[in-house]
Structures are given as C-alpha cells and as structure tokens.
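Asks: Have a look at the structure that comes next, please.
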Amino acid sequence: MNDISLTNAEYRFASIVWDNEPIASPELCKLCEQQLGWKRTTTYTVLKRLCDRGVMQNQATIVTALVPRDQVQQYTSRSIVENRFNDNLPQFIATFLQGRQISASEAEQIKSLIDSHKER
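Residue numbering for the sequence shown follows the numbering used here, beginning at 24 and increasing consecutively.
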C-alpha cells in the first residue's frame, strides 16, 4: 500500500470531499471556509498537494477522491499499530481502552469483529 497518510488538516479537508463528492471546486472552497475557516488559496493549496499525491483529483473543476475514506483509515490505523506499538495489536487495544469504559453493545461488536478475523 502506498503512503496515504494524511495530516489532521488534510484529513478534515478530505472528509469534506468524501461527504460531498463529486463537488465543484468553488463549492468546496465555500465549505472549507465555513467548516475549516480556510481562505480559497489554502483550499487550493491542500487540494493540489492531495492531487499530486494521488489522493484526490480535480478535473474540469470537479473534485473527487481517488482513495476512499476507509482505505485511508485502514492505512492510518495499521501504521499506528506497526510504528508506535511495534505491531502489537493487543497492546494498542489495551492502551486505547485504558481509563475508559465501553458499553456492552460496543464490547459485543468488538468481540464479533475479533471472532470474524481469527485465523482458522
């Protein structure tokens, strides 16, 4: 998988695109101003950077994502586990849950996910 890591600002920008695509670039500028407080030049700078990296495309002023949100989330979460927790998923989960409670429903959902991904 290519490096599709996004900064927090890039991710917030990409979320606007994912939630509204396909979107005309002038409309994207308006949404970025409303939601992120960005000027038009900032929006176009970030858009160009993400287009250059193959994450977004801007054809005839219509912006679409080339990389879906779930792929970015998967890359980001795997990168955190691999690089910050030495590829130790149980340690990551223990650290993530430290000092917080989860509902019975969340626990069941997590257990179901784990069961469906067990090696057979």
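Just so it is clear, CB atoms sit at the ideal spot from N, CA and C, and this is done for glycine as well. Quick caveat, the model's predicted, so the values are computed rather than measured.
Using a 10 Å radius around the Cβ and a threshold of 16 neighbouring Cβ atoms, would you call L112 buried or exposed?
Replies: Reading the sequence shown from its first residue, position 89 is the one you call residue 112. Classification of L112: exposed, given that the 10 Å Cβ count is below 16.
Asks: Going by DSSP, what residues sit across from Q80 in a beta bridge?
Replies: Within the sequence shown, numbered from 1, the residue matching residue 80 stands at position 57. Beta-bridge pairing links Q80 to T87.
Asks: If you follow the alpha helix (DSSP H) that W41 is in, where does it begin and where does it stop?
Replies: For the purposes of this step, residue 41 is taken as the residue at position 18 of the sequence shown. That run of the alpha helix (DSSP H) goes N31 to N43.
Asks: Buried or exposed: where does L51 fall if 16 or more other Cβ atoms within 10 Å of its Cβ makes it buried?
Replies: Position 28 of the sequence shown, counting from 1, holds the residue named residue 51. Classification for L51: buried.
Asks: Please state the DSSP three-state secondary structure of I46.
Replies: Your numbering for residue 46 matches position 23 in the sequence shown. Looking at I46 - three-state DSSP - the assignment turns out to be strand.
Asks: For the region 59-70 against the region 92-110, are there 3 or more C-beta pairs whose distance is under 8 Å?
Replies: With a cut-off of 8 Å, the region 92-110 and the region 59-70 do not count as touching, because too few Cβ pairs lie within range.
Asks: Using 10 angstroms around the beta-carbon of F119, count the other beta-carbons present and answer buried if the total reaches 16, otherwise exposed.
Replies: Taking the first residue of the sequence shown as 1, we reach residue 119 at position 96. The residue in question, F119, is exposed, as its Cβ has fewer than 16 Cβ neighbours within 10 Å.
Asks: Compute the distance between the beta-carbons of A37 and T84, then report whether it is under 7 Å.
Replies: Numbered from its first residue, the sequence shown carries residue 37 at position 14. Numbered from its first residue, the sequence shown carries residue 84 at position 61. Cβ atoms of A37 and T84: not closer than 7 Å.
Asks: Should V95 and I39 be called a contact, given that it needs their Cβ atoms to be closer than 7 Å?
Replies: Working through the sequence shown from its first residue, we reach residue 95 at position 72. Working through the sequence shown from its first residue, we reach residue 39 at position 16. Not closer than 7 Å, so no.
Asks: So, under 8 Å CB-CB, V5 and V90 are touching, yes? Tell me the CB distance rounded to an integer number of Å.
Replies: Nothing can be reported for residue 5: it is not among the residues displayed for the chain, which extend from 24 to 143.
Asks: I'd like the span of the alpha helix (DSSP H) that includes R143, first residue to last.
Replies: Counting from 1 along the sequence shown, the entry for residue 143 is found at position 120. Note, R143: premise wrong, no alpha helix (DSSP H); not H, not E.
Asks: Looking at the unbroken alpha helix (DSSP H) that takes in F119, where does it start and where does it end?
Replies: Residue 119 sits at position 96 when you count from the first residue of the sequence shown. Looking at the DSSP string, the run of the alpha helix (DSSP H) that includes F119 is L112 to L120.
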